[in-house]
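*Asks:*
Chains as they are written, first to last, in full-length UniProt numbering: chain C, 1 to 292; chain V, 1 to 292; chain E, 1 to 292; chain Z, 1 to 292.
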């Protein structure tokens, strides 16, 4: 029985290939995590186990997909970054998004019990994620995207930390706390935390304040902060002028697989983070740490 | 700290809204399931447990997302169908694809242990899926898509059944079996199965031969096979002329949630399947069976 | 000198193929025609020469591109319709839009002098048009699009006719006329026209009230307005079940080229227009009038 | 009469906004210019009048649309370039393509008679163009695109010059000339031209060998070819770090309108062309020549 009579339906599949030579960010978000965090009794304002689980799942995604350059996570969202010279799945958007989302979901479900040993998943309340792809043409655009997420992390965490202290320690109702915080600026919230609850926001955990950045861990570059070196770091698009042989590409891929995927809670807005890890922008792996 | 300096990066998010008034099919496929089926010792040519797990996960997806009309699965793939009047997620492609893929993955991972109690999942070999959206403007196009998948199921199953009998019972090498089957037509394969291994292909399990179709289970319509009734069934786009009130829409959604999601292994190419279940094309729920 | 070093830039060309089996409407609009109509002293509220020029250019476009089914024009806009089974330029959006826009522009510029013999074009004030493609999956969607444009024509023409009579005959300022018309309904405008200026709007020219519809002119079908015939006319997608041989396709294309492109100013909202011209929806040419 | 009943059809218009921060190239091509050049007796291999007409039309397009950075033309094609920070028409692809195509077509038709005074256009043979938009994320990509077109110009012109000399002066048939040229390299063609027809290809007109590049004509920058200056010129994306006030933007737009649009036939592959005209990549107008 031939299938040719029906095969014309394949012509309805439309191309969704992303533009070459752009940074690809796949951002995934937890679906209905507000309800889900209630269901599984996540602690407010931050549940360390839930964040560690997110990071652990993201780490596994980066191990499974060596083309990924880095990832940044906060709350129930994670952004995964592909380099402009990435050719994975011919840069088809649905394929990239669905693969990341599915891989993340699988690890999250699998690892759940290690992080929440006392509250096993229930079939009617499984954690799921949606995702989308966004393209950024320049290094500046990419770094601004990452900065945007990290600033957002800070803004939300300061708000949430203040709010939940007002509710949990201050005994205020959600509505009253929300009302009082309306229109306040950062210094107001710092002041509330300190004067009422004796909390210095600066002493909060870095993972809460900065979120989590994941990257392959090569030896840090010595930062010589001369103007030239800095210009060099920000030198967009070094990769465009480097033609790599097949052997080199394979060697790089091997190094990526070997490298440890680090999880750090550091500033990714300033230049230093990027200058010390030139492989993030060049996509050329650094040296594996000697203890490997 | 304001985030406005970086917020411009949101402008790089491009619209991926699908065309209104088209059927949306989300097809998902197992990633690397050839290797995975070896790893977890799936039986050849068909592993009933693996198929039942796929169906069970798809059933859960249909329960979680009442907007889904139906689904069809074969091997490690599943096609989920949204109606032309579906407005879920404003018809954004990435959102639809990633939600289906993530929900399916979560249920598949969660249910695994029930179907494979003796071979638990290993963290370096988790089952994952990718997916894509395709739009079909007409009922004919949609039905031809479904027919395409079911014919494909048949072609592959006949081939695989013959191939694995030649290998498992006939003691042939994979290469020899492949070589002998090259260029054969259906009747040749039926003949090999019958004359060499005493197998009548017609007696194979329907789930293997026809795949699995999932739909919400209302009372079947009496089929009066008059020309008029048939024309009526194939009457495209009845829904375009029906304006539903908000109350009706909510009542429909409630009925969809209440309805059992049936799993059947039947012909979906001929008209009968569709004539008996007019709700599939009209998106107007039927009557719940009286025993509910 | 080989060009291979640079040829990679072709990979940046992205597919813009429209979905198969949808109606394609290319709508073009005059750019800056408000200023242009002042510059060349178009009469208000309607300049018959300008409308006739638009129609003549659109007629030439339909002659040049036999795949076009029909066109509808009002003021400085024109909508051109391709059938769902159209394969022109592989249905690439840019190619379809740019070809229509360019062909229309060329004819408009070329024919200008015949319609405006006393006001030749000036190089710094050439008439130009932009365009876009929109897809409609169903006959109902297409007809509703056409109805939308014709209703818009009526609304604008009634307003403009009233406004310009108030200004030109009533000696009111633009601002005063605008102010008085704010919030009025159709009957108010009819009343103003009749009571103040003795104008019965119904007697206005059909081309002003109804716009212009262009189509290939075959012999009209006898309208037998039985419920069955009407259902038949609205029977979506007859074409999906008709497989045409190459010979038939060529014969059809020949008939399309031979047929006169009619310009009519008639109601295209009601069924009658479509029932009498079944070729519009079926894309199967009718009989050429016998006097041809 | 309200139009709301039909207005839903607007929802079928899909977004075609191009990615921010990419170079946009709109390439237009003559439709059926092979036939058209026969019809109007274009000279082979190059018709100077036809090229001058193309350039004149392109020049007018650049005057009408000050957002255009530059253009490059060869034969019956022209590429128009918008800067990554261009916001014209919100970067909607159809709008950009159709506007360029229509404006070019209008000027081409209008100017025809000045360049071909003896062969007026005929209504059944009007010159028309199609077009498409391509996005390039980096300066390197854009320059490689421009180089690709100029290399193509050279390759085609050398071939055509040789071919038509063999036919016109050598009395060979088209087929024989084509046959002999099959597989030849540049030096072979140079040799044929020189040895048989006494033609030194280097002495051919620059417009034939290099095509035509159009740009706004400010005072050339002194080229100081130090490594630093060159790095500076190729310094991608200077514009990303410059925030311009509304006043500055208006001043720039004014300068662009004032500047003469130059037509040159020069090498655009090497750095020099770009180093001398930094405004091409920076989108910051230079100084108007003092004689202005």
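Note that the Cβ used here is the ideal one computed from N, Cα and C, for glycine as well.
Is residue 292 of chain Z close to chain V? Criterion is C-beta to C-beta, closer than 7 Å.
*Replies:* Position 292 of the fourth chain, counted from the start, is the residue given in the question as residue 292 of chain Z. Because residue 292 of chain Z carries a pLDDT of 46, less than 50, the predicted location of this residue cannot be relied on, and no value is offered for it.
*Asks:* Fully enclosed by the region 236 to 284 of chain E, which alpha helix (DSSP H) runs are 4 residues long or longer?
*Replies:* Those alpha helix (DSSP H) runs which fall completely within the region 236 to 284 of chain E and span 4+ residues are 246 to 258, 271 to 276, 279 to 282.
*Asks:* Considering only the beta carbon of each residue, do residue 256 of chain C and residue 66 of chain C sit closer than 7 Å?
*Replies:* Here the question's residue 256 of chain C lines up with position 256 in the first chain. Here the question's residue 66 of chain C lines up with position 66 in the first chain. In this structure, residue 66 of chain C lies closer than 7 Å to residue 256 of chain C by Cβ.
*Asks:* So for residue 215 of chain V, helix, strand or coil by DSSP?
*Replies:* Start at 1 with the first residue of the second chain, and residue 215 of chain V comes out as number 215. In the structure shown, residue 215 of chain V sits in a strand (DSSP, three-state: E or B).
*Asks:* What are the partner residues of residue 79 of chain E, as DSSP defines its beta bridges?
*Replies:* Start at 1 with the first residue of the third chain, and residue 79 of chain E comes out as number 79. According to DSSP, which records beta bridges pairwise, residue 79 of chain E is partnered with E/27, E/72.
*Asks:* Return the first residue and the last residue of the alpha helix (DSSP H) that residue 144 of chain V is part of.
*Replies:* On the second chain, position 144 is the one that residue 144 of chain V refers to. Segment 139 to 168, the alpha helix (DSSP H) holding residue 144 of chain V.
*Asks:* Between residue 208 of chain E and residue 200 of chain E, what straight-line distance do the alpha-carbon atoms span, to the nearest angstrom?
*Replies:* As a working mapping, residue 208 of chain E is identified with position 208 in the third chain. As a working mapping, residue 200 of chain E is identified with position 200 in the third chain. Approximately 14 Å, taken between the alpha carbons.
*Asks:* List, in chain order, every chain V residue whose beta-carbon is nearer than 9 Å to that of residue 136 of chain C.
*Replies:* To locate residue 136 of chain C, count along the first chain from 1; it is residue 136. Those are 9, 12, listed as they occur along chain V.
*Asks:* DSSP three-state call for residue 194 of chain C: helix, strand or coil?
*Replies:* Taking the first chain and counting its residues from 1, the one referred to as residue 194 of chain C is at position 194. Residue 194 of chain C falls in the helix class under three-state DSSP.
*Asks:* Which of the three DSSP states is assigned to residue 185 of chain V in this structure?
*Replies:* As a working note, residue 185 of chain V is residue 185 in the second chain. Here residue 185 of chain V sits in coil by DSSP.
*Asks:* Applying a beta-carbon distance threshold of less than 7 Å, which residues of chain V neighbour residue 141 of chain E?
*Replies:* Sequence index remark: in the third chain, residue 141 of chain E carries index 141 (1-based). In chain order: 21.
*Asks:* Output needed in chain order: residues of the UniProt domain "tRNAHis guanylyltransferase catalytic" (6 to 137) of chain E with a Cβ under 7 Å from some Cβ in chain C.
*Replies:* Cβ contacts with chain C: 11, 12, 14, 15, 17, 19, 20.
*Asks:* Determine, using beta carbons only, whether residue 118 of chain E and residue 31 of chain E come nearer to each other than 7 Å.
*Replies:* The residue labelled residue 118 of chain E in the question sits at position 118 within the third chain. The residue labelled residue 31 of chain E in the question sits at position 31 within the third chain. Against a cut-off of 7 Å, the Cβ pair of residue 31 of chain E and residue 118 of chain E comes out as no contact.
*Asks:* Which same chain residues end up closer than 7 Å to residue 213 of chain C when comparing Cβ atoms and leaving out the 5 residues on each side of it in sequence?
*Replies:* Your numbering for residue 213 of chain C matches position 213 in the first chain. For residue 213 of chain C, where only same-chain residues beyond five positions count, the Cβ hits under 7 Å are 70, 72, 264, 266, 268.
*Asks:* Just the Cα atoms here: how many angstroms apart are residue 27 of chain Z and residue 133 of chain Z?
*Replies:* Translated into the one-based positions of the fourth chain, residue 27 of chain Z becomes position 27. Translated into the one-based positions of the fourth chain, residue 133 of chain Z becomes position 133. Each residue's Cα considered, the two are about 7 Å apart.
*Asks:* Tell me which residues share the same chain as residue 39 of chain C and place their Cβ nearer than 6 Å to its Cβ, disregarding the 5 neighbours each side in the sequence.
*Replies:* As a first step, residue 39 of chain C must be located in the first chain, where it is residue number 39. Answer for residue 39 of chain C: 125, listed in chain order.
*Asks:* Apart from the five residues just before and just after residue 111 of chain C, which ones in its own chain have a Cβ nearer than 8 Å to its Cβ?
*Replies:* Position 111 of the first chain, counted from the first residue, corresponds to residue 111 of chain C. If we look at residue 111 of chain C and ignore the five residues flanking it on each side, its Cβ neighbours are 53, 56, 57, 60.
*Asks:* Is the CB of residue 261 of chain V under 7 Å away from at least one CB in chain C?
*Replies:* For the purposes of this step, residue 261 of chain V is taken as residue 261 along the second chain, with counting starting at 1. So, not an interface residue.
*Asks:* Given residue 142 of chain E, which residues of its chain have a CB within under 6 Å of its CB, disregarding the five upstream and five downstream residues?
*Replies:* By 1-based counting over the third chain, the position of residue 142 of chain E is 142. So the list reads 23, 136, once near-sequence residues are dropped.
*Asks:* Excluding sequence positions up to five away, which residues of its chain have a Cβ less than 6 Å from the Cβ of residue 292 of chain Z?
*Replies:* Walking along the fourth chain from the start, residue 292 of chain Z turns up at place 292. The predicted model places residue 292 of chain Z with a pLDDT of 46, which falls under 50 and marks its position as unreliable; any figure quoted below should be read in that light. Excluding sequence neighbours, residue 292 of chain Z sits near nothing in its chain.
*Asks:* So residue 169 of chain E and residue 197 of chain E are in contact, right, with Cβ under 8 Å, and what is the actual spacing, rounded?
*Replies:* Residue numbering aside, residue 169 of chain E sits at position 169 when the third chain is read from its first letter. Residue numbering aside, residue 197 of chain E sits at position 197 when the third chain is read from its first letter. Residue 169 of chain E to residue 197 of chain E, Cβ: 5 Å. Contact.
*Asks:* Quick one: give me the first and last residue of the beta strand (DSSP E) that residue 135 of chain C is part of.
*Replies:* For the purposes of this step, residue 135 of chain C is taken as the residue at position 135 of the first chain. Looking at the DSSP string, the run of the beta strand (DSSP E) that includes residue 135 of chain C is 129 to 136.
*Asks:* Taking beta-carbon pairs under 9 Å, can you tell me which members of the region 151 to 164 of chain E lie near chain Z?
*Replies:* Listed in sequence order: 151, 152, 154, 155, 158.
*Asks:* Roughly how many whole angstroms lie between the Cα atoms of residue 4 of chain E and residue 185 of chain Z?
*Replies:* Sequence index remark: in the third chain, residue 4 of chain E carries index 4 (1-based). Sequence index remark: in the fourth chain, residue 185 of chain Z carries index 185 (1-based). Looking at the two C-alpha atoms, the distance is approximately 14 Å.
*Asks:* With a cut-off of 8 Å on the beta carbons, I'd call residue 96 of chain C and residue 89 of chain C a contact; round off their distance for me.
*Replies:* For this step, residue 96 of chain C is matched to residue 96 along the first chain. For this step, residue 89 of chain C is matched to residue 89 along the first chain. Contact holds; Cβ gap of about 6 Å.
*Asks:* Out of C/75, C/138, C/84, which one is the CA nearest neighbour of residue 68 of chain C?
*Replies:* For this step, residue 68 of chain C is matched to residue 68 along the first chain. That would be C/84, whose Cα lies nearest to the Cα of residue 68 of chain C.
*Asks:* The alpha helix (DSSP H) that contains residue 96 of chain C, what's its start and end?
*Replies:* Mapped onto the first chain, residue 96 of chain C falls at position 96. Residue 96 of chain C -> alpha helix (DSSP H) spans 93 to 115.
*Asks:* Output, in chain order, the set of chain V residues within a Cβ distance shorter than 9 Å of residue 237 of chain E.
*Replies:* If you number the third chain from 1, residue 237 of chain E lands on position 237. Those are 137, 138, 139, 140, 236, 237, listed as they occur along chain V.
*Asks:* Can you look up residue 16 of chain C in the DSSP assignment and give me helix, strand or coil?
*Replies:* The sequence position of residue 16 of chain C within the first chain is 16, counting from 1. It is coil, neither helix nor strand.
*Asks:* Using C-beta distances below 6 Å, list every residue in its chain close to residue 161 of chain E, excluding the 5 sequence neighbours before and after it, in chain order.
*Replies:* Residue mapping note: residue 161 of chain E aligns to position 161 of the third chain, counting from 1. If we look at residue 161 of chain E and ignore the five residues flanking it on each side, its Cβ neighbours are 45.
*Asks:* Between residue 12 of chain E and residue 20 of chain C, how many whole angstroms is the CB-CB distance? I'm expecting something under 8 Å.
*Replies:* Stepping through the third chain from its first residue, residue 12 of chain E is reached at position 12. Stepping through the first chain from its first residue, residue 20 of chain C is reached at position 20. Confirmed, about 6 Å.
*Asks:* Hey, does residue 243 of chain E have any beta-carbon neighbour from chain V nearer than 7 Å?
*Replies:* Within the third chain, the letter at position 243 stands for residue 243 of chain E. Not closer than 7 Å to any Cβ of chain V, the Cβ of residue 243 of chain E fails to qualify, so no.
*Asks:* Got a sec: is the Cβ-Cβ distance from residue 217 of chain V to anything in chain C below 7 Å?
*Replies:* As a position in the second chain, residue 217 of chain V is number 217, starting the count at 1. By this cut-off, residue 217 of chain V is not an interface position.
*Asks:* Exposed or buried, residue 100 of chain E, counting other C-beta atoms within 10 Å across all chains shown (16 or more means buried)?
*Replies:* Reading the third chain from its first residue, position 100 is the one you call residue 100 of chain E. By the neighbour-count rule (16 or more Cβ atoms within 10 Å), residue 100 of chain E is buried.
*Asks:* Looking at the secondary structure, which residues open and close the alpha helix (DSSP H) in which residue 59 of chain E lies?
*Replies:* Your numbering for residue 59 of chain E matches position 59 in the third chain. First-last of the alpha helix (DSSP H) with residue 59 of chain E: 48 to 64.
*Asks:* Give me the chain C residues within the contact set of residue 145 of chain V, using Cβ-Cβ distance strictly less than 7 Å, ordered along the chain.
*Replies:* Here residue 145 of chain V refers to the residue found at position 145 of the second chain. Those are 9, listed as they occur along chain C.
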